[in-house]
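Contents: one structure, followed by commentary.
Numbering (this note's numbering), first residue to last: 108 to 835.
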């Protein structure tokens, strides 16, 4: 029934066509697949470049993006490209790789690596203390046989310790050498080998000095730096990992009257799945039996439970709170909404940005430069000291260690991962990898009204001004219609405790309204012209009763946090614009309530896109927030865009960021965190640059021992990671 001229509530033929068009487009698109591999040994910007270029050179591979913080690579390729083929190619490049379920990214591997590093760190620390005790005796004046005995005991402790505890560096370096490239662990491993070899040579030759204490201490501090860096990355847990934490590996499936537990990979569409109270939904599905409340807070940010009964749809990752539910599976595993969301986030976190490109180019130049500087330092000091090989090797090893650009490689991914995780926890899902970078530049925010600033749910106002019998008749008429205004009127009246009047001969007149008989008189609810009323300038429906007419005005319910968000944006100095397709009578009060002075009513889709383009032409960086088909062109034209999760498919596809919950306040947080992230990235670049400007000359001048170099290098990496965690 279309008896009210209200654009936001009228059916649009294009809206019905869009989903079908998108399905046809997806069917016509070339078959492709997305594979994700873990990369346990990848840890620097040079690794990122080598892996991406190596995979992209393979036939059928469209793109490869490495997430350095998570040590994973996401590969978009033709359907015939297999994970085994990618793993084999990575092995030739010198990298260990394992297939992951793209999107279901558990923290198990991260925990295992942390435990391994901690174990090796403990071994190195225990050995370091023992070797240090022996070294104190030697440096205190032990001579001849005593000194030699202590050197040999130190060798027996130190050499196996370095061989065992240094394996993370040695394995990575050996893989790089086999692939004929220079990774960041090559100079570290070379420095450890030089320190041990030089010490063993001194011991065999009966020399006065051995550096087993330095070799073991060097191993300990390098491991300490890597472990602390590993843990800071875990603290900066990404949005993809938060989604992974919601994954349920098994489901209780009802087959042939029996309940069996199956791995998620064996659950198919159409299966019946039982979810007990307190359990997490393993699949997307429709409730067939049972009633409960569902907690969606981790997915949407909504804090209040949602009632769920027969016919309700649920998504993987939601928590069943109060009663058992039986679901009919609509999507499972790779096809579930949770999986697709996690996959989307992981790809976005791995996308290239301006700062990522700068870091990669710097690392590519820096890797060979490390070895050239080390070799040059060795030759210079060998000549300068008249052939003192021991002193020259010491300086060469210090240069190898101190110039490792690990901090440079972490400068960007550490911040992006931390920011995406924080935004996800606030209810924002970043779809595009450069959205964070662009969001930091925004100075103008353009809002749509219905469905964006409001929930698109009309509410009647001023009902208390009418007699009770008028409301009861209107309620009875409204209950016979499915029109949004009628439904809202009936629901609101029922909530006020009003009982509907008894009407007869109720029937709907398509395009006009509902009519019936009340106490022998004709009563109508619908269009103003149909009931003989004077139309209002606001959204309304009209009642004819006993020869009199009554108008019931409606307002659209604001989204939670809308007033707070608009006020906060203005307080930040952002220009706020409201563009709506609704009439002036609906838009003007809303704009006044929110304090927006720059608003436009009756805006067509082309008008919205043109306004965004005009703002852009005047140098503004525009954030567009919209939800409808009429907002799609403006979303695409904007510098960056956000759509609510309830938006039309076309709008969500066009947007860069999805607002998962109903609350608008996270949009303000997104702008603030994006600005902070940009500052943190710049600070990380400054930290890396300052470290190298100070540390490299000290090492070349012979003022930094290998042990001091290890401490400095580890400290720079940890500082960069900790700086990323300062996002608030």
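All residues carry an ideal CB built from backbone N, CA and C; glycine is no exception.
Cβ pair residue i, residue j closer than 9 Å
{"i": "residue 750", "j": "residue 729", "result": "no"}
{"i": "residue 771", "j": "residue 669", "result": "yes"}
{"i": "residue 535", "j": "residue 764", "result": "yes"}
{"i": "residue 583", "j": "residue 629", "result": "no"}
{"i": "residue 762", "j": "residue 529", "result": "no"}
{"i": "residue 165", "j": "residue 154", "result": "no"}
{"i": "residue 445", "j": "residue 382", "result": "no"}
{"i": "residue 141", "j": "residue 204", "result": "no"}
{"i": "residue 623", "j": "residue 610", "result": "yes"}
{"i": "residue 596", "j": "residue 642", "result": "no"}
{"i": "residue 157", "j": "residue 278", "result": "no"}
{"i": "residue 503", "j": "residue 225", "result": "no"}
{"i": "residue 831", "j": "residue 820", "result": "no"}
{"i": "residue 571", "j": "residue 607", "result": "no"}
{"i": "residue 640", "j": "residue 662", "result": "no"}
{"i": "residue 741", "j": "residue 716", "result": "yes"}
{"i": "residue 268", "j": "residue 231", "result": "yes"}
{"i": "residue 577", "j": "residue 585", "result": "no"}
{"i": "residue 418", "j": "residue 401", "result": "no"}
{"i": "residue 264", "j": "residue 319", "result": "yes"}
{"i": "residue 286", "j": "residue 148", "result": "no"}
{"i": "residue 310", "j": "residue 222", "result": "no"}
{"i": "residue 834", "j": "residue 522", "result": "yes"}
{"i": "residue 718", "j": "residue 708", "result": "no"}
{"i": "residue 681", "j": "residue 778", "result": "yes"}
Neighbourhood of residue i by C-beta, 7 Å cutoff - its chain only, sequence neighbours within 5 removed
{"i": "residue 818", "result": "328"}
{"i": "residue 241", "result": "257, 260 and 261"}
{"i": "residue 615", "result": "108, 587, 588 and 621"}
{"i": "residue 235", "result": "323, 324 and 327"}
{"i": "residue 816", "result": "505, 508, 509 and 806"}
{"i": "residue 775", "result": "672, 675 and 676"}
{"i": "residue 556", "result": "685, 687, 689, 694 and 697"}
{"i": "residue 397", "result": "430, 431, 432 and 433"}
Beta-carbon contacts of residue i that lie in its chain and below 8 Å, excluding the five residues immediately before and after
{"i": "residue 128", "result": "Here residue 128 scores only 32 on pLDDT, less than 50, and its place in the model is too uncertain to base an answer on."}
{"i": "residue 374", "result": "358, 360, 380, 389, 390, 436, 439 and 440"}
{"i": "residue 274", "result": "227"}
{"i": "residue 384", "result": "399, 427, 428, 429, 430 and 431"}
{"i": "residue 493", "result": "none"}
{"i": "residue 495", "result": "488 and 489"}
Distance cut-off 8 Å: residue i Cβ against heavy atoms of the ligand SAH
{"i": "residue 147", "result": "You won't find the ligand SAH in this model; it holds no ligand whatsoever."}
Presumed contact (8 Å Cβ cut-off) between residue i and residue j, rounded CB distance
{"i": "residue 526", "j": "residue 780", "result": "6 Å"}
{"i": "residue 823", "j": "residue 501", "result": "Not really, about 21 Å apart at Cβ, beyond 8 Å."}
{"i": "residue 645", "j": "residue 660", "result": "5 Å"}
{"i": "residue 358", "j": "residue 379", "result": "Contact doesn't hold; Cβ gap of about 10 Å is too wide."}
{"i": "residue 182", "j": "residue 162", "result": "6 Å"}
{"i": "residue 187", "j": "residue 167", "result": "6 Å"}
{"i": "residue 551", "j": "residue 722", "result": "6 Å"}
The alpha helix (DSSP H) enclosing residue i, as first and last residue numbers
{"i": "residue 651", "result": "Unbroken run through residue 651 is the beta strand (DSSP E), 647-652; no alpha helix (DSSP H)."}
{"i": "residue 795", "result": "773-807"}
{"i": "residue 692", "result": "691-701"}
{"i": "residue 199", "result": "190-200"}
{"i": "residue 292", "result": "292-311"}
{"i": "residue 712", "result": "712-724"}
{"i": "residue 363", "result": "Counting along the chain, residue 363 falls outside any alpha helix (DSSP H), and DSSP gives it neither H nor E."}
{"i": "residue 672", "result": "669-678"}
{"i": "residue 594", "result": "591-602"}
{"i": "residue 577", "result": "575-585"}
Own chain, CB closer than 6 Å to residue i, minus 5 neighbours either side, in chain order
{"i": "residue 477", "result": "294 and 510"}
{"i": "residue 408", "result": "In this predicted model, residue 408 has a pLDDT of only 46, less than 50, meaning its place in the structure is not dependable; the value taken from the coordinates is given anyway. Once the five neighbours on either side are set aside, the close Cβ partners of residue 408 are 534, 767 and 768."}
{"i": "residue 116", "result": "At residue 116, the pLDDT of 34 sits below 50, so the modelled position is not reliable; the number obtained from the coordinates is stated separately. Cβ within range, chain order: 591."}
{"i": "residue 276", "result": "292, 295 and 296"}
Neighbour flag for residue i against chain D, beta carbons, 9 Å
{"i": "residue 824", "result": "Among the protein chains of the structure shown there is no chain D, as only one such chain exists."}
Where the beta strand (DSSP E) through residue i begins and ends
{"i": "residue 660", "result": "655-665"}
{"i": "residue 567", "result": "561-568"}
{"i": "residue 624", "result": "620-625"}
{"i": "residue 179", "result": "179-185"}
{"i": "residue 811", "result": "Premise fails: residue 811 is in no beta strand (DSSP E) and is neither H nor E."}
{"i": "residue 267", "result": "Careful: residue 267 lies outside any beta strand (DSSP E), inside the alpha helix (DSSP H) at 251-272."}
{"i": "residue 174", "result": "168-174"}
Within 8 Å, do at least three Cβ pairs link the stretch 805-813 to the stretch 778-787? no
Say whether the stretch 552-564 touches the stretch 674-691, bearing in mind that this needs 3 or more beta-carbon pairs closer than 8 Å, one atom from each stretch. yes
Within the chosen definition, does the stretch 542-556 reach the stretch 738-748 through at least 3 CB pairs nearer than 8 Å? yes
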